[in-house]
Ligand SMILES: Cc1ncc(COP(=O)(O)O)c(C=O)c1O
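In our numbering, the protein residues as written are 72 to 465.
This is the structure we're talking about:
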């Protein structure tokens, strides 16, 4: 399927396009088909690609190369830590876990699984603005806590959580701390040294690399059981022949990251300008988390009287890709659990739209998007008004 030139992609939290550098590097590396575990010639090229990628990523993330484990993506990294720490601490005095109510399903469902095995899990609530309830966190954190898993940035709202502070508090009680940093990497500066976490998850397709590739950072001293048992790959911490081309792609993209800081500011300027103009030009619109620290690229917008799915489809026909929430739940008519957890009503959550910008988003695209959004919202509201006789934004 090819996109028309007029197609404007504003769904970068769902996935990002492939960077040209990655595309070229992968094509060039295709002939390196050997098994990196082989000690003969065919294995040497692939093995050096793995070594190079690990080095590049460690430099970018500020950790030791030996602390990085290549995985199949964010979901596997999250599952590995949560289940791996549970198994390691089973039968010890550390039998409690803490997470938040707005995590990605790969975290929430892993914890629900631990609950089904009898573990005690606390879910830290958030305010309507998406701010984590730190008092609740401090109350439930104790010498019994084995692991805290709280995300760095929310995929639907972009709200940032104070990772260093949360990690420090967990460490004061002797607990391990994991952060799902899938949405943060490539959108804000990330330093594992500053965060001082024990584990962190990353996903290649959220930073212009390949799908089915990811990383788990596991601090040297932190212990967990192995999730995928098998060969001695990844220093016997994750079995399975490595996805050499995918890992190579991650390493190439890590090299690009040192030049992308400029995009963070650019996305923020475009996002803020879009939100200002949106509020001026369409009545009955709210920005869901305007007043809190957020990713520079994400806007969660509540548009009264317009169903998000209908709006999304109308915009798609006009050449704009946006989302109503997490990509993994699109096609699901239920309102976003993240927005519900923030205290929005089901109707408000269903009237919400997620717009997520990328490195290549331009001012012209955002202006074109706003004009189209205005006319689509007007049309959908007219249709709704003629059905029920309501006027919005008065
Ligand atoms: C916050 C967050 N964590 C984890 C994941 C899962 O990553 P992957 O698609 O690589 O499994 C996603 C993907 O949407 C995400 O947004």
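Virtual Cβ for every residue (Gly too), placed ideally from N, Cα, C.
Per DSSP, the unbroken beta strand (DSSP E) holding residue 251 starts and ends at 247-251. Only residues of its own chain outside the window of five on either side were considered, and among them 363 have a CB closer than 7 Å to the CB of residue 202, listed in chain order.
Note on the region 329-408: whole alpha helix (DSSP H) runs with a minimum of 4 residues are 332-352 and 379-388, in chain order. By the C-beta criterion, the region 316-329 is judged not to be in contact with the region 337-346, since fewer than 3 inter-stretch pairs fall below 8 Å. Where residue 182 is concerned, the enclosing alpha helix (DSSP H) starts and stops at 176-187.
Between residue 126 and the set 89, 215 and 136, the nearest pair of CA atoms involves 136.
In the DSSP assignment, residue 114 falls within the alpha helix (DSSP H) that extends over 112-132. In this structure, DSSP gives residue 199 a state outside helix and strand, which the three-state scheme calls coil. Going by DSSP, residue 427 is part of the beta strand (DSSP E) stretching over 423-427.
Separation of the CB atoms of residue 244 and residue 212 is rounded to 5 Å, and the pair is thereby assigned contact status at 8 Å.
Within 6 Å of the C-beta of residue 254 there is at least one heavy atom belonging to ligand 1. By the criterion of a C-beta distance shorter than 6 Å, residue 309 is surrounded in its chain by 140 and 299, once the five residues flanking it on both sides are discounted.
Close CB contacts of residue 259 within its chain, under the 6 Å cut and outside five residues either way in sequence, are absent. Under the 8 Å Cβ criterion, the region 435-449 does not count as touching the region 404-419, having fewer than three qualifying pairs. The residue among 430, 445, 164 and 198 with its C-alpha nearest the C-alpha of residue 191 is 164. Just measuring C-alpha positions, the residue of 171, 97, 100 and 382 sitting nearest residue 455 is 382. Taken atom to atom, the span from the alpha-carbon of residue 379 to that of residue 121 is near 43 Å.
At the C-beta level, residue 225 and residue 173 come within 7 Å of one another. In this structure residue 356 touches residue 374 by the C-beta definition: roughly 5 Å separates them, less than 8 Å. Within the model, the alpha-carbon separation for residue 314 versus residue 112 is close to 18 Å. In this structure, ligand 1 has no non-hydrogen atom nearer than 6 Å to the beta-carbon of residue 336. Within the same chain, and ignoring the five residues on either side of residue 426 in sequence, the residues whose Cβ sits closer than 6 Å to its Cβ are 81, 370 and 393.
Comparing C-alpha distances from residue 408 to each of 351, 199 and 451 shows the shortest one belongs to 199.
Inclusion of residue 365 and residue 229 in the CB contact set at 7 Å is warranted, their separation being smaller than that value. Between residue 219 and residue 153, the CB-CB gap reaches or exceeds 7 Å. Between residue 279 and the set 405, 129, 327 and 359, the nearest pair of CA atoms involves 327. Taking the Cβ of residue 82 as the reference point, every heavy atom of ligand 1 lies at 6 Å or farther away.
At the C-beta level, residue 272 and residue 251 come within 7 Å of one another. Taking 7 Å as the cut-off, the beta carbon of residue 253 is found no closer than this to the beta carbon of residue 353. In the DSSP assignment, the residues bridged to residue 167 are 191 and 216.
Each of 457, 99 and 118 was checked against the Cα of residue 304, and the nearest Cα belongs to 118. For residue 171, the shortest separation between its Cβ and any heavy atom of ligand 1 does not lie below 6 Å. Contact between residue 277 and residue 248 is absent: CB atoms are separated by about 21 Å, not below the 8 Å threshold. In this structure, DSSP gives residue 224 an extended state, which the three-state scheme calls strand. Between the alpha carbons of residue 384 and residue 209 lies a distance of about 43 Å. Restricting attention to 99, 367 and 453, the CA atom closest to the CA of residue 332 is found in 367.
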